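First to last, the sequence lines map onto chains L and R.
Using the working numbering, read the first sequence as starting at 1 and increasing by one per residue.
Using the working numbering, read the second sequence as starting at 1 and increasing by one per residue.
A virtual CB, placed ideally from N, CA and C, is assigned to each residue, including glycine.
Treat the numbers as computed from the prediction; the structure is a model and nothing was measured.
Number of protein chains: 2
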Amino acid sequence: MISDQDFEARYVNALFDGTAFPEASAGNAFSANRLVRNSEHLGAEDLARAWRNPHALIHLFHNGDPVLRTDASGAVAAFTLQQTAKLNYDAAAGIYLGDRDGVPYLAATIVSSDDLPAPYTTLDMRSLVITGSVAAEDVASIAHGWSLLSWHANNRFCAHCGQACEKTQAGYRRQCPACEREHFPRLDPVSIMLVVDGSNCLLGRQPRFQPGMYSCLAGFIEPGETLENAVRREVMEEAAIEISAVRYHSTQPWPFPHTLMIGCFAKAESTAITMDAAELEDCRWFSREEVGAMLTGSGELKTPPPMAIAHQLIRAYYDLSG
Amino acid sequence: MISDQDFEARYVNALFDGTAFPEASAGNAFSANRLVRNSEHLGAEDLARAWRNPHALIHLFHNGDPVLRTDASGAVAAFTLQQTAKLNYDAAAGIYLGDRDGVPYLAATIVSSDDLPAPYTTLDMRSLVITGSVAAEDVASIAHGWSLLSWHANNRFCAHCGQACEKTQAGYRRQCPACEREHFPRLDPVSIMLVVDGSNCLLGRQPRFQPGMYSCLAGFIEPGETLENAVRREVMEEAAIEISAVRYHSTQPWPFPHTLMIGCFAKAESTAITMDAAELEDCRWFSREEVGAMLTGSGELKTPPPMAIAHQLIRAYYDLSG
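Structure, rendered in structure tokens:
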């Protein structure tokens with residue numbers, strides 16, 4: 001009989017090997033969500049109670065972007081209901097996201113597409129992260145709110161029978177009054193991978209990218225495949241590179257509109273690229289030196305900004321060899 | 001300037017640390033899918049060509065279960081079109097899944113719910129795995145086919161506008177002729193976790209489980225959270241146990257109907273359980289000895305069978321300390 005200490009040393013450390021370091025997911029944008037949801041057990045009464053709570057805070061969206069109020073003390077993106085009394089938002093379609101430090105957080109959409117009255121403005125979510133104008137935990141709950149509001153807006157009808165369906169569970173479900181089918185919020189898992197071959201890594205560019213930007217390959221995971229097989233399939237389809245080992249790095253909730261990015265490293269077993277020209281306009285190997293210059297964004301070529309998990313994957317590869 | 005060998009030893013090994021072993025996902029049921037999809041670029045012509053190919057093989061489903069043909073040489077679950085000429089299946093709603101060794105694989109549903117003519121029978125997918133009557137790679141492509149067919153059957157209408165929508169891209173998309181919205185197959189990411197505290201692990205049972213069965217906690221990942229935060233939330237909601245480190249173990253495509261199970265180990269930082277009685281009827285700590293007996297299935301208490309990723313997580317925890 002071995003001691004509990006020995007037992008723990010022998011297998012618990014093995015199970016959690018590598019996790020003594022801060023988890024990589026925590027370094028990704030939109031990951032700092034502190035809302036306590038309890039969405040399984042929320043109902044219309046909880047939603048109504050949140051709306052009546054004078055301490056409740058609300059995230060608002062206007063033409064697809066978060067609403068900010070900027071004054072001398074900085075930018076704010078979570079408002080009391082009193083502060084937003086003059087804004088015309090659709091409270092009936094609003095969602096109770098959860099609680100932070102006991103304060104209920106709500107999300108709703110401005111009804112009119114007209115400009116907002118001062119001091120209210122909007123800032124797109126990418127810029128919200130890049131400028132750092134709002135705290136990371138607010139950015140995360142804004143992203144959370146937008147993923148759910150987008151899902152409701154794009155799923156007003158029951159995909160099973162075609163009738164109009166209704167928001168239930170404070171915004172965490174929809175249900176069809178005709179066929180009674182319950183619909184869960186959609187979350188699309190996407191694999192995104194940095195392919196590594198010795199000291200080189202593989203990056204591609206899509207025609208829609210900013211000039212000079214190269215990024216990791218990526219694609220939706222499909223039914224009937226593991227994460228690792230999805231990574232291999234995606235790299236084969238886009239670049240015809242064979243992959244052996246795949247290693248999970250981190251995840252990122254990505255609110256465009258409701259994606260779960262799953263970042264991996266993928267070990268190349270071949271180097272000759274056959275690019276999928278329907279997806280990419282270029283795809284090639286980059287040396288560590290090239291990537292180092294691209295991460296700073298100072299040269300002609302660049303990686304995506306730090307808010308993107310692709311940047312974090314490339315940064316981790318670069319730093320590990322520093 | 002260090003050599004390429006030194007360079008690789010310094011960082012490539014670090015990136016892929018732990019992946020020198022066979023990846024855990026490959027040990028999960030439904031993971032052995034060898035179909036080459038190329039779904040991005042499939043169209044109606046590819047589907048029609050597959051149906052005309054005399055070598056094409058088809059997976060059929062009857063009342064939700066895969067169709068088998070059993071004769072002296074064993075069970076078969078992929079048929080030539082000639083073999084299935086007398087079966088009344090809905091070819092118009094059929095899907096071109098992809099190719100295996102150059103042979104196109106199709107999937108379709110039997111129209112009538114009446115019994116099938118001999119030698120055709122059905123076997124539910126769980127039993128198909130447990131009995132081992134069909135090769136693992138067939139089981140995986142059957143699961144793949146069922147996830148897509150279920151999605152089509154449950155998404156006949158456009159969730160955006162309520163009109164009937166249509167299968168496109170050989171079955172890998174739907175599109176609405178009214179609003180032109182494109183719909184992608186749904187894949188729901190679920191986190192499933194074995195919570196470990198020293199030499200004990202946490203298992204729960206839902207009322208719907210077989211008598212004596214205990215399993216890992218699990219739940220849908222929601223918009224606005226990382227995998228690791230989803231694991232912490234789920235364990236907090238179901239058992240009120242605090243989690244520190246979370247470590248990715250493996251994924252499993254789960255065809256009931258289209259879920260991506262993401263298995264993790266989660267390190268407990270507290271031990272007092274407050275169970276969510278709406279979800280679970282019991283939840284408690286198990287010693288390694290208890291779990292060892294449960295894995296064999298010989299006693300009163302048991303784990304899920306090896307086809308479930310929960311079993312694989314529990315098995316990995318048990319084996320690591322063996």
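What span of residues does the alpha helix (DSSP H) with residue i cover, start to end?
i                      : result
residue 237 of chain R : 227–239
residue 311 of chain L : 309–320
residue 49 of chain L  : 44–52
residue 147 of chain R : 136–154
residue 128 of chain R : 125–131
residue 295 of chain R : 288–296
What does residue i touch in chain L if you count any residue whose Cβ is under 9 Å from its own?
i                      : result
residue 252 of chain R : 226
residue 144 of chain R : 222, 223, 224 and 225
residue 126 of chain R : None at all; the shortest Cβ gap to chain L is about 16 Å.
residue 141 of chain R : 224
residue 134 of chain R : Residues of chain L passing the Cβ test: none, with the nearest at roughly 15 Å.
Taking 8 Å as the cut-off, decide whether the C-beta atoms of residue i and residue j are in contact.
i                      : j                      : result
residue 194 of chain L : residue 265 of chain L : yes
residue 47 of chain R  : residue 212 of chain R : no
residue 337 of chain L : residue 109 of chain L : As displayed, chain L neither begins before 1 nor continues past 322, which places residue 337 of chain L out of reach and without an answer.
residue 249 of chain L : residue 24 of chain L  : yes
residue 77 of chain R  : residue 138 of chain R : yes
residue 175 of chain R : residue 165 of chain R : yes
residue 16 of chain L  : residue 302 of chain R : no
residue 61 of chain R  : residue 253 of chain R : no
residue 242 of chain R : residue 269 of chain R : yes
residue 191 of chain R : residue 273 of chain R : no
residue 239 of chain L : residue 275 of chain L : yes
residue 146 of chain R : residue 304 of chain R : no
residue 105 of chain L : residue 59 of chain L  : yes
residue 75 of chain L  : residue 133 of chain L : yes
residue 155 of chain L : residue 183 of chain L : yes
residue 157 of chain R : residue 159 of chain L : yes
residue 39 of chain L  : residue 222 of chain R : yes
residue 55 of chain R  : residue 278 of chain L : no
Say yes only if the C-beta of residue i is nearer than 7 Å to one or more non-hydrogen atoms of the ligand COA, and no if none qualify.
i                      : result
residue 155 of chain R : The ligand COA is not part of the structure shown, which contains no ligands of any sort.
For the candidate residues the options, whose alpha-carbon lies nearest to that of residue i?
i                      : options                       : result
residue 324 of chain R : R:181, R:143 and R:177        : The question about residue 324 of chain R has no answer, for chain R in this structure spans 1 to 322.
residue 226 of chain L : R:141, R:197, R:214 and R:247 : R:141
residue 129 of chain L : L:208, L:308, L:22 and L:209  : L:308
residue 198 of chain L : L:317, L:117 and L:206        : L:317
residue 259 of chain L : L:276, L:220 and L:246        : L:220
residue 297 of chain L : L:215, L:284 and L:70         : L:215
residue 107 of chain L : L:51, L:82 and L:73           : L:51
residue 288 of chain L : L:118, L:271, L:299 and L:319 : L:319
residue 26 of chain L  : R:280, R:255 and R:228        : R:228
residue 178 of chain R : R:168, R:84, R:163 and R:83   : R:163
So with CB distances below 7 Å, who are the chain L contacts of residue i?
i                      : result
residue 158 of chain R : 157
residue 33 of chain R  : 224, 225 and 229
residue 41 of chain R  : 278
Which residues in chain R sit within 7 Å of residue i, going by Cβ to Cβ distance?
i                      : result
residue 221 of chain L : 187 and 260
residue 161 of chain L : 157
residue 317 of chain L : 15
Can you pull the chain L neighbours of residue i, defined as C-beta to C-beta under 8 Å?
i                      : result
residue 291 of chain R : Near residue 291 of chain R there are no residues of chain L at all, since even the closest Cβ is about 12 Å away, more than 8 Å.
residue 195 of chain R : Chain L residues near residue 195 of chain R: none, gap ~11 Å exceeds 8 Å.
residue 164 of chain R : 162
Taking Cβ-Cβ distances shorter than 9 Å, what residues in chain B pair up with residue i?
i                      : result
residue 215 of chain L : Absence of chain B from the displayed structure is noted, the protein chains being L and R.
Beta strand (DSSP E) containing residue i: first to last residue?
i                      : result
residue 29 of chain R  : Segment: none, residue 29 of chain R is in no beta strand (DSSP E) and carries neither H nor E.
residue 174 of chain L : 173–175
residue 63 of chain L  : Run containing residue 63 of chain L: none; DSSP gives neither H nor E here.
residue 167 of chain R : 166–168
residue 104 of chain R : 103–109
residue 189 of chain R : 188–197
residue 36 of chain L  : Element bounds for residue 36 of chain L: n/a, residue is neither H nor E.
residue 266 of chain R : 259–268
residue 277 of chain L : Counting along the chain, residue 277 of chain L falls outside any beta strand (DSSP E), and DSSP gives it neither H nor E.
residue 204 of chain R : 200–205
residue 253 of chain L : 243–254
residue 335 of chain L : Here chain L comprises residues numbered 1 to 322, so residue 335 of chain L is not present and cannot be evaluated.
residue 121 of chain L : 120–122
residue 75 of chain L  : 74–76
Please list the partners that residue i has in chain R, where partner means a Cβ-to-Cβ separation under 8 Å.
i                      : result
residue 265 of chain L : 15 and 16
residue 184 of chain L : 188 and 220
residue 25 of chain L  : 226, 227, 228 and 229
The stretch 231–241 of chain L / the stretch 195–209 of chain R touching (three or more Cβ pairs under 8 Å): Judged by Cβ distances under 8 Å, the stretch 231–241 of chain L makes no contact with the stretch 195–209 of chain R, as fewer than three pairs qualify.
Touching by the beta-carbon criterion (3+ pairs, under 8 Å), the stretch 94–104 of chain R and the stretch 25–36 of chain R: With the cut-off at 8 Å, the stretch 94–104 of chain R and the stretch 25–36 of chain R touch.
Touching by the beta-carbon criterion (3+ pairs, under 8 Å), the stretch 181–188 of chain R and the stretch 179–195 of chain L: Three or more Cβ pairs closer than 8 Å define a contact, and the stretch 181–188 of chain R meets that threshold against the stretch 179–195 of chain L.
Stretch pair the stretch 66–75 of chain R + the stretch 117–131 of chain R: three plus CB contacts closer than 8 Å: The stretch 66–75 of chain R, when compared against the stretch 117–131 of chain R, does touch it at the 8 Å Cβ threshold.
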